[in-house]
Amino acid sequence: MAGYRKLGRTSSQRKALLRNQVTDLLCYGKIKTTEAKAKEIRKIAEGLIALGVKEKDNFDEVTVQAKVVRKDANGKRVKEDGKVVFDTVEKTIKKDRPSRLHARKQMAKVLYTRKDIPAAAAKRKANTKEINLQDKLFGELAEKYATRNGGYTRIVKIGERKGDAAMEVIIELV
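Residue numbers (the UniProt record's numbering): 1 to 174.
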């Protein structure tokens with residue numbers, strides 16, 4: 001017996017489908033799909049969340065100096081003698097330890113990048129913001145599930161689909 005469901009697709013199609021649905025689940029918190037797909041999504045998503053919980057506090061805070069462009073009141077760059085002027089600023093950043101970096105790369109193998117488009121700027125590329133799902137896993141979801149030992153998702157049956165009578169379910173983060 002196979003260790004996974006084939007879902008009637010080739011391996012590359014199946015991998016792309018599962019990556020897309022796991023990304024949507026973690027991004028939006030809830031998706032509607034078939035029962036067989038949901039059971040496969042659950043395996044992947046729970047593994048990623050468990051990885052995020054395990055590595056959530058595994059970083060060092062480091063203070064670094066960065067050069068930032070000086071801007072005037074209108075937000076335009078200040079130039080002196082035809083050259084842009086820079087200011088030196090101290091910033092505190094989070095530097096991942098090796099195991100957290102490895103976990104981040106494992107997540108990147110599964111998750112797609114998502115862009116958040118504000119409703120006011122619909123159908124425009126301007127003002128789009130890239131959502132970093134790895135930071136969401138290490139921050140928001142890891143804090144939420146820190147005291148929980150597994151069981152991060154819930155599958156709720158909603159009935160059969162009209163066209164092919166496949167059992168449809170909603171899979172959501174608990």
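Glycine included, every Cβ here is placed at the ideal spot set by N, Cα and C.
- The continuous alpha helix (DSSP H) containing D24 extends over residues S11 to Y28.
- In this structure, DSSP gives I131 an extended state, which the three-state scheme calls strand.
- R77 is classed as exposed because its beta carbon has fewer than 16 other beta carbons within 10 Å across all chains shown.
- If you ignore the 5 residues before and after D60, its C-beta comes within less than 6 angstroms of the C-beta of K95, all in its own chain and listed in chain order.
- One thing to note: I158 has its Cβ no nearer than 8 angstroms to the Cβ of E172.
- Between the segment 44-52 and the segment 61-76 there are fewer than three C-beta pairs closer than 8 angstroms, too few to call the two in contact.
- When the Cα atoms are used, R114 and V22 turn out to be separated by approximately 12 angstroms.
- With 16 or more other Cβ atoms from the protein chains shown falling within 10 Å of its own Cβ, L25 counts as buried.
- Contact annotation, I93 with V64: C-beta distance approximately 6 angstroms; criterion of less than 8 angstroms satisfied.
- In the three-state reduction of the DSSP assignment, A36 falls in the helix class, which pools H, G and I.
- The three-state reading of DSSP puts V156 in strand, counting E and B together.
- Counting along the chain, R114 sits inside the beta strand (DSSP E) bounded by residues R114 to D116.
- Taking I117 as the centre and dropping the five residues before and after it, the same chain places the C-beta of T128 closer than 6 angstroms to its C-beta, in chain order.
- Between Y145 and I49, the C-beta spacing is below 8 angstroms.
- Nearest to L17 by alpha-carbon distance, out of Y28, A2, D135 and E40, is E40.
- In terms of Cβ geometry, I170 and K30 form a close pair [threshold 8 angstroms].
- The criterion of a C-beta distance shorter than 8 angstroms is not satisfied by F138 and G8.
- C-alpha of T10 to C-alpha of K79: approximately 57 angstroms in a straight line.
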